[in-house]
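Residue numbers (full-length UniProt numbering), protein chains in the order written: chain L, 1 to 192; chain D, 1 to 192. Heads up, the beta-carbon is just placed ideally off N, CA and C, and yes, glycines get one too. Computed from a predicted structure; not experimentally measured. The block underneath contains the structure these notes are about, expressed in structure tokens.
Number of protein chains: 2
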Amino acid sequence: MTQQKTRREQIYEVAGTLFSERGYHATSMRDLASHLGMQGGSLYAHISGKEELLVELVNQAAAQFDESLMPLREENLSPEEKLREAMGRHIDVVAHNLETATVFFHEWKHLSPEAYKKVTDWRDTIDGLYRDIVREGIEKGVFKPDLDVKMTAYLVLSAVNWTYTWYRPGGKLGARQIADQFADMLMSGLRK
Amino acid sequence: MTQQKTRREQIYEVAGTLFSERGYHATSMRDLASHLGMQGGSLYAHISGKEELLVELVNQAAAQFDESLMPLREENLSPEEKLREAMGRHIDVVAHNLETATVFFHEWKHLSPEAYKKVTDWRDTIDGLYRDIVREGIEKGVFKPDLDVKMTAYLVLSAVNWTYTWYRPGGKLGARQIADQFADMLMSGLRK
DNA sequence: CCTACCGATCGGTAGG
DNA sequence: CCTACCGATCGGTAGG
């Protein structure tokens, strides 16, 4: 019962690989086609153009983050548990979608204005999610009262986002373990 | 006594702006030339080719980091002070060289193999610097004994490197203040 | 999905 | 530093 991939999906997949390795502009449609065993012009029987590929990959990544993180807003967890869980899911999405995540973080500047705006809006939403968790933690007295909400959210986001630059599958630690270690250090600090 | 900039330096400067905004491959030599008020072919009277620009910008950024961070190894500071100081200098370099730092973090994959290797070696050196500080802190009993040195260094590096994505000059906080806030949170944790 | 082709643009050079 | 040009390659299309 192996899922049958449409040719279109195969194209997206190879585009994800190449765009993440070389970047969007350094990948030609002929490169892409040859990796799929076809001629450059044949791609256009399946897709409308190069930008469609970038838009699709970026949307795929954003959708993975959204599906994983957004439901957290409604869940009944303590702020500390919620922050830990958000970090776990966030790194999990990066780890299991390394190529699209890399394209997402690296190539979104090359999108057309409309798609570009969607990404900046999305980023604001994720910022908001983390800031809300921090704010709630302060209000409930579990986080330090003098934390700067924005800076705290940046610190957490740095940790989870930067993983795409160094995480490689097959390492000793899985995504959740990395997130737990980061969360432990962030919660209680490095100092003895 | 305003420093007189050579034409060559002006070219690097504009290349830094354009490469950081649009990316290396999305910037044409004619784009670059027109921003300098000259014709595309005229650039080659001053530089040898497009890649030289990328190599130079990446080297400039690496040199700034090195000059600022490397002397720290010899300084007689407690591990905590040393970590805080490293973060301060690191973010300071990013903040005062935003364009070259962005090119450095974003475009180094497009370097030729030799220049590429220099960057990965450099990155290992910086990793080593932060890991040594963490290790020293554990050995001297000022950091928690059960810290994972590698993960701890990744966490710190995430915070200082990721700044290039969100820091913009003119904000309320200067580089040192950002670093201090990050260091405070990392040292003593978010939990009350 | 291929062949053959389009106009545009690329990095770079020659000669002045 | 400009004019004029080079071969190569780009994204994309027509017709089959």
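In chain D, what lies closer than 7 Å to residue 194/L by C-beta? The requested residue 194/L does not occur in the structure, where chain L is confined to residues 1 to 192.
If you drop the 5 nearest sequence neighbours on each side, which residues of the same chain put their C-beta closer than 7 Å to that of Pro145/D? Ile138
Comparing alpha-carbon positions, which option in Arg22/D, Glu21/D, Ser20/D and Ile11/D lies nearest His35/D? Ile11/D
Based on Cα-Cα distance, which residue from Asp132/D, Phe143/D and Met185/D lies nearest to residue 202/D? Shown here, chain D extends from 1 to 192; a query on residue 202/D therefore has no answer.
Ala183/L, buried or exposed, once every other Cβ within 10 Å from all chains shown has been counted against 16: buried
If contact means a Cβ-Cβ distance below 7 Å, which residues of the region 151-177 of chain L contact chain D? Met151, Thr152, Tyr154, Leu155, Ser158, Ala159, Asn161, Trp162 and Trp166
Among the candidates Leu53/D, Ala45/D and Lys109/D, whose CA atom is the shortest distance from the CA of Ala26/L? Lys109/D
Spatial neighbours of Glu56/L in its chain, beta-carbon cut-off 7 Å, leaving aside the 5 residues before and after: Tyr12
Which listed residue (Glu107/D, Glu136/D, Lys118/D and Ser68/D) has its alpha carbon closest to that of Arg89/D: Ser68/D
What does Asp132/L reach in chain D if we use C-beta pairs closer than 8 Å? The premise fails here: Asp132/L is roughly 15 Å from chain D at the closest Cβ pair, so nothing lies under 8 Å.
In terms of alpha-carbon separation, which member of Glu85/D, Arg84/D, Val94/D and Val119/D lies closest to Pro169/D? Val94/D
Between the region 21-49 of chain D and chain L, which residues of the former have a C-beta closer than 7 Å to a C-beta of the latter? Gly23, His25 and Ala26
I want to know whether the region 166-181 of chain D touches the region 76-88 of chain D - three or more CB-CB distances under 8 Å. yes
Could you tell me if Thr163/L is buried or exposed, where buried requires 16 or more neighbouring beta carbons within 10 angstroms of its beta carbon? buried
Could you list which residues in chain D have their beta carbon closer than 8 Å to that of Met87/L, in chain order? None at all; the shortest Cβ gap to chain D is about 11 Å.
Euclidean distance between Cα positions of Met70/D and Val119/D: 16 Å
Quick one: does Asp148/D have its CB under 8 Å from some CB of chain L? yes
Quick one: list the residues of chain L neighbouring Lys144/D, beta-carbon separation under 9 Å, in chain order. Met185, Ser188, Gly189, Leu190, Arg191 and Lys192
Per DSSP, cross-strand counterpart(s) of Arg191/L: Phe143/D
Against chain D, does Lys109/L count as a neighbour if the rule is that its beta carbon must be under 8 Å from one of theirs? yes
Where Arg8/D sits in the DSSP three-state scheme: helix
Anticipated Cβ contact below 8 Å, Tyr15/D with Leu53/D, distance rounded: Before going on, a small fix: residue 15/D reads as Ala here, not Tyr. That belief holds up - the Cβ atoms of Ala15/D and Leu53/D are roughly 4 Å apart, short of 8 Å.
Give the secondary structure of Ser28/D by DSSP, where H, G and I count as helix, E and B as strand, and everything else as coil. coil
Determine whether the Cβ of His106/D lies closer than 8 Å to any Cβ atom of chain L. yes
If you measure from the beta carbon of Phe65/D to each beta carbon in chain L, is any gap under 8 Å? no
So, does the CB of Phe19/D fall closer than 8 Å to a CB anywhere in chain L? no
Beta-carbon neighbours of Gln60/D, restricted to chain L and to distances below 9 Å: In chain order: nothing, as chain L lies at least about 21 Å away.
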